[in-house]
Amino acid sequence: MATTPLTDKTSLRARGRAERQSELNRRADGTRRPWWSSTLARVVMVVLSLLFLLPMYWMIVSALKSDEELAQFPPTLLPQTWEFENFLHALNAMPFLQFFLNSSIITVSVVILSVLSNFVVAYGFACIEWRGRDTLFYVVIATLFLPFPVTLIPMFDFWSSLDLVNTLFPLIIPAAFGSAFYTFLLRQFLLQIPKDMLNAARVDGAREWTILWRLVFPTSLPALTTVAIFAAVASWNDFMGPLIYLQDQSVQTLSIGLQAFRSVNAQDVSFNQLMAASFLVILPLLILFFIFQRYFIRGITIGGFK
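If you want my numbering, it's the position in the sequence shown, counting the first as 1, plus 2.
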């Protein structure tokens, strides 16, 4: 039997190590993204960010310009004279504080009711086994495709029969009965909760209500925060609901107030004051988003439950 000399074995091992290292380097080079790929991605993100920020920038700049400067063409990128008085005129053009109070009452009530009601419903669909659960859930999801005008007249007749039109209740009470979208969002989050943890709590004698509020609720804060922000934005910007149910000026909201601002000045619209009023209307939502953006992003990703 022929034997391989020691020098030949050493050279073969060295050649093998070199080939393996070359293969690893080739794989590493193949999986590493080229430098221009990350640069291009950053450029695209910057351009898209500027496009999304452009309306906000134009609204703020227009709110700080004078009437003469707004009429100039081509328009200036920055105000030549900063007219901060436009914000004061916008506040005096309508009962801003009354509208702000009405919008705040509706939004806070809707957020609280939406979070509580949808959380309880989603817990029943995600964490409790019962016959017909999935079928009923699909029926609830199907209501997402129900057009709003279909329910408009029946709902108005219902609230009118209760003599609650021209009050804030038609805009608040429906939130207590849940929303298909919010229920779906919370259910997807609650499905990630380990069933063994829930079963262990049940074996220890904990009731469903105790598990719901002491075990599941603290771990669901990111998803609940997301639902709260969605509900706050939808309620604060709602225009059709207040337009249909609120007729007296004393109960109207900021979204209706902006429309009234334009109607009163239909012949001579002061766009700088209108932009100033619009910025003041969306300012609470911007503050809300920047405060809770961390929870909002975590709730959107919905994947951090371990």
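C-beta: ideal position from N, C-alpha, C; glycine also.
Just to confirm my understanding: we take residue i, look at its own chain, exclude 5 residues before and 5 after, and list those with CB closer than 7 Å. What are they?
i	result
ASN239	SER257
SER181	SER116 and ASN120
LEU245	ILE258
ARG135	PHE127
GLY305	Legend: pLDDT at GLY305 = 48, less than 50; position of this residue unreliable, value from coordinates given subsequently. Nothing listed; no residue qualifies.
ALA92	GLN275, ALA278, ALA279 and LEU282
Does the Cβ of residue i have 16 or more other Cβ atoms within 10 Å, making it buried, or fewer, making it exposed?
i	result
ARG189	buried
GLN254	buried
GLN275	buried
ILE293	exposed
THR228	buried
ILE155	exposed
PRO57	exposed
ALA279	buried
PHE179	exposed
PHE127	buried
ASN104	buried
VAL283	buried
PHE281	buried
GLY207	exposed
ALA43	exposed
SER237	buried
ASN88	buried
VAL218	buried
ALA2	Nothing in the structure corresponds to residue 2, since the chain is present only between 3 and 308.
Between residue i and residue j, which are expected to be in contact by the criterion C-beta below 8 Å, what is the C-beta distance as a whole number of angstroms?
i	j	result
LEU66	GLU85	6 Å
LEU285	ALA234	The pair is not a contact, with the Cβ atoms about 13 Å apart (cut-off 8 Å).
VAL330	THR185	The structure shown does not extend to residue 330, since the chain is modelled only from 3 through 308, so no value can be given for it.
PHE183	LEU138	Not really, about 16 Å apart at Cβ, beyond 8 Å.
TYR125	LEU223	With 8 Å as the limit, TYR125 and LEU223 do not qualify as a contact, their Cβ atoms being about 14 Å apart.
LEU173	ILE108	5 Å
PHE123	ALA230	The question names Phe, yet the displayed sequence has Val at residue 123. Not really, about 16 Å apart at Cβ, beyond 8 Å.
TRP161	TYR247	7 Å
SER68	THR83	6 Å
Within its chain, find whatever has a CB closer than 8 Å to the CB of residue i; leave out the 5 residues flanking it on each side and keep chain order.
i	result
ASP213	It is Ile, not Asp, that sits at residue 213 in the sequence shown. Closer than 8 Å at the Cβ level, and outside the excluded window around ILE213, lie CYS129, LEU200, ALA203 and ARG204.
PHE101	GLN254, THR255, LEU256, ILE258 and GLY259
PHE273	SER64 and LEU72
PHE241	SER257, ILE258 and GLN261
PHE307	Because the pLDDT of PHE307 is 45, which lies under 50, any placement of that residue in the model is unreliable, and the number read from its coordinates should be weighed accordingly. PHE191, GLN194, ILE195 and THR221, listed in sequence order.
By Cβ distance below 6 Å, which residues in the same chain neighbour residue i in space, the five residues on each side in sequence not counted?
i	result
GLN249	ASN168
THR41	none
SER111	ILE174
MET3	Because MET3 carries a pLDDT of 41, less than 50, the predicted location of this residue cannot be relied on, and no value is offered for it.
PRO81	LEU66 and LYS67
If you follow the alpha helix (DSSP H) that residue i is part of, which residue opens it and which one closes it?
i	result
THR228	223-238
PHE179	Where PHE179 is concerned, there is no enclosing alpha helix (DSSP H), given that its DSSP letter is neither H nor E.
TRP37	37-65
LEU115	98-129
GLY243	242-247
ALA92	87-94
ASP69	69-72
Check whether the Cβ of residue i lies closer than 7 Å to any Cβ atom in chain C.
i	result
THR145	Of the chains in the structure shown, none is chain C; there is only one protein chain.
Exercise. At which residue ranges does the stretch 137-224 contain complete alpha helix (DSSP H) runs of 4 or more residues, listed in the order of the chain?
Worked result: 150-163, 171-174, 182-192 and 197-205
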